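Working notes for the structure below.
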Amino acid sequence: GVIGFAGRPDDPRKNLALLFHALKKLLEQGEKVELRLTGKAPRSLAQLAEDLGISRHISWMGWMEADELPAFFQGLDVFVIPSSQEGLNIAGLQAMASGAPVVSTRCGGPQDYVIDGETGVLVSPDAEEMASVIAAITQDRERRDELGGNARRFVEDHYSHERFRETFAEAWQKTWGDQP
80 GVIGFAGRPD
90 DPRKNLALLF
100 HALKKLLEQG
110 EKVELRLTGK
120 APRSLAQLAE
130 DLGISRHISW
140 MGWMEADELP
150 AFFQGLDVFV
160 IPSSQEGLNI
170 AGLQAMASGA
180 PVVSTRCGGP
190 QDYVIDGETG
200 VLVSPDAEEM
210 ASVIAAITQD
220 RERRDELGGN
230 ARRFVEDHYS
240 HERFRETFAE
250 AWQKTWGDQP
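Just so you know, we're using the numbering used here here: the sequence shown kicks off at 80 and counts up by one.
Below is the structure:
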């Protein structure tokens with residue numbers, strides 16, 4: 080399966096070491112997986128990948144323009160947010176809008192839209208648990224498609240431009256009493 084991450088790989092809060100350790104566990108279990116990441120490998124992560132013996136299973140895709148990201152997300156079986164601390168995490172929403180289920184640590188913002196077992200799966204910051212959940216999703220195409228479809232619909236229902244306009248109009252009405 081194809082696992083993905085998009086974000087600033089040099090930000091320690093993104094906790095990519097956790098994802099690398101989960102990838103190692105997946106490979107040890109005989110899973111055929113590839114990890115695709117946006118950006119360029121910071122020296123410390125390149126060294127960690129080398130030390131874990133997983134370098135050849137990692138593809139650094141370089142920096143991507145906004146219009147390139149949908150194709151990146153659509154090529155994934157699962158999008159992972161391994162963060163120790165996170166705000167909204169726009170990339171997670173973009174992945175969901177593209178139909179990719181999300182596996183995320185319980186790190187803040189993503190808990191607002193990664194509905195456990197419905198649009199993705201929430202995990203503790205544990206490589207073994209993360210690997211197990213990723214394997215379960217990548218091995219079961221029907222489950223992956225169900226989670227991905229739910230994820231896409233959730234974003235359309237809660238984060239679309241139309242939904243934003245409705246929410247803004249409601250807030251305006253409550254505050255000023257007339258339409259914007």
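Glycine residues also receive a C-beta, built at the ideal position from the N, C-alpha and C atoms.
Being a predicted model, the structure only gives us computed values, none of them experimental.
Counterpart residues of S183 in DSSP-defined beta bridges: Within the sequence shown, residue 183 is the residue found at index 104, counting from 1. In DSSP, S183 forms a bridge with I160 and L201.
L155 and V212 closer than 7 Å at C-beta: Position 76 of the sequence shown, counting from 1, holds the residue named residue 155. Position 133 of the sequence shown, counting from 1, holds the residue named residue 212. No, they are not a contact pair.
Bridge partners - L148, DSSP secondary structure assignment: Position 69 of the sequence shown, counted from the first residue, corresponds to residue 148. Answer by DSSP bridge pairing: none, since L148 is not bridged.
Beta-bridge partners of E113, as assigned by DSSP: Counted from its first residue, the sequence shown places residue 113 at position 34. Per DSSP, V81.
First through last residue of the alpha helix (DSSP H) which encompasses W255: Counted from its first residue, the sequence shown places residue 255 at position 176. Here the alpha helix (DSSP H) through W255 covers H240 to W255.
When V234, L98 and F247 are compared against S163, the one with the closest alpha-carbon: Working through the sequence shown from its first residue, we reach residue 163 at position 84. Ranking V234, L98 and F247 by Cα distance to S163 puts L98 first.
Close-in-space but distant-in-sequence residues of the same chain around G187 (CB under 7 Å, 5 per side omitted): Within the sequence shown, residue 187 is the residue found at index 108, counting from 1. Contacts found: Q164, E165 and G166.
Given 8 Å, three or more beta-carbon pairs between the region 223-234 and the region 185-200: yes
Cutoff 8 Å; reference Q173; Cβ partners in own chain excluding five residues on either side: Counting from 1 along the sequence shown, the entry for residue 173 is found at position 94. Closer than 8 Å at Cβ, skipping near neighbours: A85, L148, P149 and F152.
S138 beta carbon less than 7 Å from that of R122: Walking along the sequence shown from the start, residue 122 turns up at place 43. Walking along the sequence shown from the start, residue 138 turns up at place 59. Against a cut-off of 7 Å, the Cβ pair of S138 and R122 comes out as no contact.
Extent of the continuous alpha helix (DSSP H) to which I137 belongs: To locate residue 137, count along the sequence shown from 1; it is residue 58. I137 -> not in any alpha helix (DSSP H); beta strand (DSSP E) instead, spanning I137 to W139.
S239, buried or exposed, once every other Cβ within 10 Å from all chains shown has been counted against 16: Reading the sequence shown from its first residue, position 160 is the one you call residue 239. Result: exposed.
With 16 other Cβ atoms within 10 Å as the buried cut-off, status of A170: By 1-based counting over the sequence shown, the position of residue 170 is 91. Classification for A170: buried.
Extent of the continuous alpha helix (DSSP H) to which I169 belongs: Position 90 of the sequence shown, counting from 1, holds the residue named residue 169. Run containing I169: I169 to A176, per the alpha helix (DSSP H) assignment.
Of the listed residues D146, P91, K104 and M175, nearest to G83 (C-alpha basis): Residue mapping note: residue 83 aligns to position 4 of the sequence shown, counting from 1. Closest by alpha carbon: M175.
Residue span of the alpha helix (DSSP H) that contains L106, given as start and end: Against the sequence shown, residue 106 aligns to sequence position 27. It spans L95 to E107 - the alpha helix (DSSP H) in which L106 sits, taken as one unbroken run.
K103 classed as buried or exposed, judged by whether at least 16 other C-beta atoms fall within 10 angstroms: In the sequence shown, the residue the question calls residue 103 occupies position 24. Classification of K103: buried, given that the 10 Å Cβ count is 16 or more.
Selected residue, minimal CA-CA separation from K93, among T254, I160, E235 and E208: Position 14 of the sequence shown, counted from the first residue, corresponds to residue 93. Taking only the C-alpha atoms, the option nearest K93 is I160.
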